[in-house]
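Participant:
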Amino acid sequence: MIRRVNRIFFTRDVLELAPALLGMHLVRVCNTGDRQSYTITETEAYRGENDLACHVSKGRTARTEVMYHEGGVLYVYLVYGIHWMLNIVSGRKEEPQAVLVRGVQGISGPGRLTKALGIDKSFNGEDLCESPRIWLENTGITPRYKTTPRIGIDYSGSIWKNKPWRFVATAE
DNA sequence: GTAACGATCCTC
DNA sequence: AGGATCGTTACA
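So the first sequence is numbered by my numbering: it starts at 742 and just counts up by one.
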């Protein structure tokens with residue numbers, strides 16, 4: 742039985758949640774009522790204030806406030822003045838962690854993903870456990886995956902830059 | 001108020 | 001290898 746995943750699923754540590762998202766369905770209901778579902782194939786973990794690649798390492802700000810919420814809400818922000826990034830907040834309240842959804846089946850690249858799904862700033866703070874327009878469903882399939890360092894965070898220093906916190910589903 | 005900086009993508 | 005393009009942040 743496929744159904745929306747609940748709060749408990751998201752309140753785990755981000756290093757557990759990020760790989761667990763692989764193979765799950767990201768379901769999006771657009772304005773016309775059309776429902777589409779996308780299989781998640783690539784994620785990255787951003788883990789707390791000590792992680793120099795994570796936005797909260799620069800302090801708690803209006804932008805990053807949502808990451809301090811309980812897991813299951815979305816953190817959406819703009820990079821390079823162009824691309825919206827889709828992140829799923831992880832961990833418990835006051836435990837700022839998030840998973841960047843980098844790709845789904847058929848769409849690679851986090852910027853292209855949000856464009857295809859019509860995700861913008863209005864989704865910031867959206868609750869995956871309650872929202873009528875976006876949620877996650879379990880498929881019971883956990884694909885094999887590989888880990889690599891995260892992308893585009895060269896500024897964060899070698900310790901954090903080299904953490905193997907990018908999770909990419911591998912073809913069977 | 002101002003200036004610098006990107007968790008990217010596309011085109012050379 | 002480099003440019004697009006603008007919200008967020010840090011500073012004065």
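Glycine is no exception: its CB is placed at the ideal position from the N, C-alpha and C atoms. All figures in this text were calculated on a predicted structure; none of them were measured in a lab.
Skipping 5 residues on each side, what residues in its chain have a beta carbon closer than 6 Å to that of A759?
Facilitator: Once the five neighbours on either side are set aside, the close Cβ partners of A759 are T784, A786, V840, F908.
Participant: So, with DSSP's three-state summary, where would you put W906?
Facilitator: The answer is coil: DSSP assigns W906 none of H, G, I, E or B.
Participant: For K902 and C795, what's the separation of their Cα atoms in angstroms?
Facilitator: Near 11 Å, if we compare the C-alpha coordinates of C795 and K902.
Participant: Have a look at I829 and S863 and give me their C-alpha separation to the nearest angstrom.
Facilitator: Using only the alpha carbons, I get a separation of about 14 Å.
Participant: Can you tell me whether DSSP reads H796 as helix, strand or coil?
Facilitator: In this structure, H796 counts as helix in the three-state DSSP scheme.
Participant: Have a look at P851 and V845 and give me their C-alpha separation to the nearest angstrom.
Facilitator: Looking at the two C-alpha atoms, the distance is approximately 9 Å.
Participant: For the segment 760 to 779 against the segment 806 to 818, are there 3 or more C-beta pairs whose distance is under 8 Å?
Facilitator: No, because fewer than three Cβ pairs between the segment 760 to 779 and the segment 806 to 818 fall closer than 8 Å, the two stretches do not touch.
Participant: How close, in whole Å, do the beta carbons of L767 and I781 come, if the pair is a contact with beta carbons under 8 Å?
Facilitator: Right, the Cβ-Cβ distance comes to about 6 Å (below 8 Å), so this counts as a contact.
Participant: Within 10 angstroms of the Cβ of I860, are there 16 or more other Cβ atoms? Answer buried if so, exposed if not.
Facilitator: I860 comes out buried.
Participant: Assign I900 to one of two classes, buried (16 or more other C-beta atoms within 10 Å of its C-beta) or exposed (fewer than that).
Facilitator: Exposed, because fewer than 16 other Cβ atoms sit within 10 Å of the Cβ of I900.
Participant: At what residues does the beta strand (DSSP E) containing I781 begin and finish?
Facilitator: Where I781 is concerned, the enclosing beta strand (DSSP E) stretches over 776 to 788.
Participant: If I measure Cβ to Cβ from P884 and keep anything under 6 Å in the same chain, skipping five residues before and after, which residues do I get?
Facilitator: Within the same chain, P884 has close Cβ partners L763, G764, A910.
Participant: Taking DSSP as the reference, what is the three-state secondary structure of L756?
Facilitator: If DSSP states are grouped into helix, strand and coil, L756 belongs with the helices.
Participant: Can you say whether D775 is buried or exposed, counting buried as having 16 or more other CB atoms within 10 angstroms of its CB?
Facilitator: Exposed is the call here.
Participant: Starting from the Cα of H810, find the closest Cα among Y821, T802, E836, S798 and give me that residue.
Facilitator: Of Y821, T802, E836, S798, the residue nearest in Cα terms is E836.
Participant: Measure the Cβ-Cβ separation of G893 and Q838 and say whether it is below 7 Å.
Facilitator: Cβ atoms of G893 and Q838: not closer than 7 Å.
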